[in-house]
Every structure is written in structure tokens, then in C-alpha cells.
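Chemist: A single structure is presented below for examination.
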């Protein structure tokens, strides 16, 4: 990360700021949420994909003394310049690329229900190292400068100090790209390592274990400003790449049953109601999984469900969707789309949609392992 610490100046705000950051943005040197967190002492930062069950985020978004508003451009958004809210608010900001921000909004019904605010910037973004999809779109830090200025006195100039570390970071990154200020560690790395896709070394481990989970998931309830019940794990599936280690358990719902396990996960309701208790499922899973296993998952959904229900999980994990995206240098899409795109043969390994997706995940992992064996560099 480019060093901009000397340019950071703390700025207190009356407005509570909540930044919800996509995980893929967390460690990027050119991200601007970290700058905002350093400059705004009261800023709350949460990293994730789904925040419906995040107690801290739900609390921050439900404060009646400072109602939450979402900073997001749309036709029905309230113009902060022409019609700012009359009282204190909690300003919710999505941090990531525009596609990532759209996915955060799509996957969180509570965010969809928030009233939206927006503004028209006076000038194009200064974010020269990342192209915005539209001329009137700006980076997270620039959006905060404008929004906070309009919320707190109507003058964005008050928060211009936020721009100093941002501009320093952009200038340094531009110089690095031009080769004028490249640090020695980066030059050495480029000399020793050939260009190309970098696949994780963990793909060559002998104990890769693909994992899929299905949920009893209730839709968002606008009256409650949340789903009526939290998501819970009702089907847990896992398989090794050799076809010998296979795990599948149905877990009887502990909460009222929604239609999602039957309509989306394609499970039989009677079978599901006869499933294991959560205590039984935990015990059987704990006997199956090993600390040295490397869990291979598609996104964050399965692990999130298992963590919420206190299932034992090995420490090492691979997000297969992210690895495939980086290797192909394009969006991976769904498992169904990727196996079709790559022409991979697969077979279901278990019931319903979960069994099909586990079979696809195993096929994709086998392909990635072969790619890793041939790759010029392994991370």
C-alpha cells in the first residue's frame, strides 16, 4: 500500500458513517475506505457480503435517533444538495467496485429498504487509477467528502482534508505504474517471477474438501426491517476430489420452515423434517472433517451458515469462485455457468440443488488443480 499517513488529519463528524465493504476490496492498496476510516474517528466499518444476521450492522441501521439512509444513486434518491434530511442520520456507504456495490445491495434486503440519498458532483472523479462506469460516479472517499459536506452545513469544502491522503495515494500509484517510484521489494518480485495467473499453493494440497450448504431462508419483511427469522443450515454436503470422502446430512429446521428449501434447494419437506438435530449434525460433521482439510467453497454462503450454527471448520479455505475469476481474468458467474463455459463433466453428489452444485464444485476444483500443476507460478 502506498504510504499516505503523513497526509491524514482526523475530522470529527456529527453524522454517523457506516461503510459496508465488499471482502474483495479489503486488502486492495488502491481502496479508499481505509483512508476514510483513518480520517473519520467515528466511522464504523463492516466487511462482508451478507449483513442480514450481523447484529452490529443491524443495530447501527436501526437507530431511531439517527435513521439510516443509503448513499446510492437512483431515480428515487433524495438530492442532498436540494433537499438534505432535516435531522441527524446514519449515512450508509457501500465500498467496492460498482458491480460489487450492486451485489451488496442485491444480497441485503435491509439495504434495499433504506431510503436513498445522492448528489451530483461538481467535477469528475480524481480517481485516475480506477475507471468509473460513468463520469458522474466517484470513489468512496470522494462521495464522503460531498455527502458529509452537504449533510453538515451544505459545504463540501469542510471535508476537503479527506482528499489530501487520497490524492497522495493516487499520485504514488501513478508513479509506481510509470516505474518512477517503484519500491525495491516490488522490482525484485517482478524480476524473479514470470507474469501470469497466480494460483494458490493450497490447490496442490492432498486434502481438498469441497463444501456446500443450503439454508432455511425467509424473505425480507419490510414491517420488521429484517427477515422474520435468521437463516439456518438445513443441508450440509462435502466431498473430496478423489470421490472417496463424501458427506451429506439433512438438518431438521429449528425455526419455522420457509418455502426456500423446497422451492430453491429442491429438498423434500418430509425428508427434511426427519433430518438430524443440529447437535447430531455437528457431531457427525466433527467426526468427518479433519484439521488438515482445506475447505473449497463457492463464495461465502456455505461457511457463513456453518459458522452461525457452530460447526467445526478447519482454518484453511479456498474461495473457488474468486480463484477461478482471477485465473480466467473474468467473472466466474454461477457454478452452472462455469462448468458449461469450461466444458467440464460432472455428476450430482447428493440431493437437490446442493448435490448438483457439490458435483460442479468438485469438477471445477479438479480443473483448477490441473491448471495449478501446469502454472508457471503458484502463490
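In the numbering used here, the protein residues as written are 10 to 388. In this text, a Cβ means the ideal position worked out from N, Cα and C, and glycines have one as well.
1) Can you list, in chain order, the residues of its chain with a C-beta nearer than 8 Å to that of residue 18? Leave out the 5 residues immediately preceding and following it.
2) One question on the structure: do residue 359 and residue 367 come within less than 8 Å of each other, judged by their Cβ atoms?
3) Residue range of the alpha helix (DSSP H) that residue 335 falls in?
4) Give the list of continuous alpha helix (DSSP H) stretches no shorter than 4 residues that lie fully inside the stretch 336-376.
5) Any idea if residue 242 is buried or exposed, counting beta-carbon neighbours within 10 angstroms, 16 or more meaning buried?
6) Rank 301, 85 and 330 by C-alpha distance to the C-alpha of residue 124 and give the top, closest one.
7) I'd like the ranges of any beta strand (DSSP E) spanning at least 3 consecutive residues and lying wholly in the stretch 80-119.
8) What residue range is occupied by the uninterrupted alpha helix (DSSP H) comprising residue 153?
9) Taking the straight line between their C-alpha atoms, what separation do you get for residue 205 and residue 339?
10) Kindly indicate which three-state DSSP category residue 244 falls into: helix, strand or coil?
11) If you measure between the beta carbons of residue 223 and residue 276, is that distance less than 8 Å?
12) From which residue to which residue does the beta strand (DSSP E) around residue 218 run?
13) Where residue 56 and residue 327 are concerned, what is the direct C-alpha to C-alpha distance, given to the nearest angstrom?
14) Just verifying my parser: in three-state terms, what is the DSSP assignment at residue 20?
15) I need the boundaries of the alpha helix (DSSP H) containing residue 288, first residue and last residue.
16) Under the three-state reduction of DSSP, which class applies to residue 60: helix, strand or coil?
17) Which partner residues of residue 257 appear in the DSSP bridge assignment?
18) Please go through the same chain and pick out, in chain order, the residues whose beta-carbon is closer than 8 Å to the beta-carbon of residue 78, but skip the five residues on each side of it.
19) Could you give the first and the last residue of the continuous beta strand (DSSP E) run that contains residue 319?
20) Hey, residue 219 and residue 371 are a contact pair by Cβ (cut 8 Å); roughly how many whole angstroms apart?
21) What's the C-alpha gap between residue 282 and residue 263?
22) Rounded to the nearest angstrom, what separates residue 300 and residue 323 at their Cα positions?
23) Can you tell me the Cα-Cα spacing of residue 260 and residue 287, whole angstroms?
24) Note down the Cα distance separating residue 28 from residue 374, rounded to an integer number of angstroms.
25) So, using beta-carbon positions, are residue 22 and residue 175 closer together than 8 Å?
26) If you run the structure through DSSP and keep just helix, strand and coil, what is residue 70?
27) Going by beta carbon distance, what residues of the same chain come within less than 6 Å of residue 355, once the five residues before and after it are set aside?
28) Give the single residue among 32, 45 and 46 whose Cα lies nearest to the Cα of residue 60.
29) Is residue 303 closer than 8 Å to residue 329 when the C-beta atoms are compared?
30) Can you tell me whether DSSP reads residue 304 as helix, strand or coil?
31) Which residue wins for smallest C-alpha separation from residue 168, given the options 20, 317 and 342?
32) For residue 123, which three-state DSSP category applies?
33) On the three-state DSSP scale, how would you describe residue 380?
34) With distances taken between CB atoms, is the gap from residue 291 to residue 62 smaller than 8 Å?
35) Give the DSSP-derived three-state secondary structure of residue 25 in the structure shown.
Modeler: On the basis of the data shown:
1) Non-local C-beta neighbours of residue 18 in its own chain, meaning closer than 8 Å and more than five positions away in sequence, comprise 48, 170 and 173, ordered along the chain.
2) Yes, the pair counts as a contact, with Cβ atoms nearer than the cut-off.
3) It spans 329-337 - the alpha helix (DSSP H) in which residue 335 sits, taken as one unbroken run.
4) For the stretch 336-376, whole alpha helix (DSSP H) runs of length 4 or above, ordered along the chain, are 344-351.
5) Burial check for residue 242: the Cβ neighbour count within 10 Å reaches 16 or more, so the residue is buried.
6) The residue among 301, 85 and 330 with its C-alpha nearest the C-alpha of residue 124 is 85.
7) Entirely contained in the stretch 80-119, the beta strand (DSSP E) runs reaching 3 residues are, in chain order, 99-104.
8) First-last of the alpha helix (DSSP H) with residue 153: 149-160.
9) At residue 205, the pLDDT of 39 sits below 50, so the modelled position is not reliable; the number obtained from the coordinates is stated separately. Our two residues, residue 205 and residue 339, have alpha carbons roughly 14 Å apart in a direct line.
10) Of the three classes helix, strand and coil, the one that applies to residue 244 here is strand, per DSSP.
11) Against a cut-off of 8 Å, the Cβ pair of residue 276 and residue 223 comes out as a contact.
12) Run containing residue 218: 217-225, per the beta strand (DSSP E) assignment.
13) Looking at the two C-alpha atoms, the distance is approximately 18 Å.
14) If DSSP states are grouped into helix, strand and coil, residue 20 belongs with coil.
15) Unbroken alpha helix (DSSP H) run through residue 288: 287-297.
16) DSSP places residue 60 in coil when its eight states are reduced to three.
17) For residue 257, which the question treats as bridged, DSSP gives the partners 246.
18) Counting only Cβ-Cβ distances below 8 Å, and skipping sequence neighbours, we find 87, 94, 98, 99, 100, 101, 123, 124, 125 and 126.
19) For residue 319, no beta strand (DSSP E) encloses it, and the DSSP letter there is neither H nor E.
20) The C-beta distance from residue 219 to residue 371 rounds to 5 Å, short enough to meet the 8 Å contact threshold.
21) CA-to-CA, the gap between residue 282 and residue 263 works out to about 10 Å.
22) One alpha carbon belongs to residue 300, the other to residue 323, and they sit about 5 Å apart.
23) Each residue's alpha carbon lies about 6 Å from the other.
24) Distance from the CA of residue 28 to the CA of residue 374, rounded to the nearest whole angstrom, comes to 33 Å.
25) Residue 175 sits away from residue 22, with the two beta carbons spaced by 8 Å or more.
26) Here residue 70 carries a coil assignment [DSSP, helix/strand/coil].
27) Excluding residues up to 5 positions away in sequence, 348, 368, 369 and 372 lie with their Cβ nearer than 6 Å to the Cβ of residue 355 in the same chain.
28) When each option's Cα is compared against that of residue 60, the closest is 32.
29) At least 8 Å separates the beta-carbon of residue 329 from that of residue 303.
30) Reduced to three states, the DSSP call for residue 304 is strand.
31) A check of alpha carbon separations from residue 168 across 20, 317 and 342 identifies 20 as the nearest.
32) In the structure shown, residue 123 falls within a coil segment according to DSSP collapsed to helix, strand and coil.
33) Residue 380 falls in the helix class under three-state DSSP.
34) It is not a contact, given that the beta carbons lie outside the stated cut-off.
35) Look at residue 25 here: in three-state DSSP terms it is strand.
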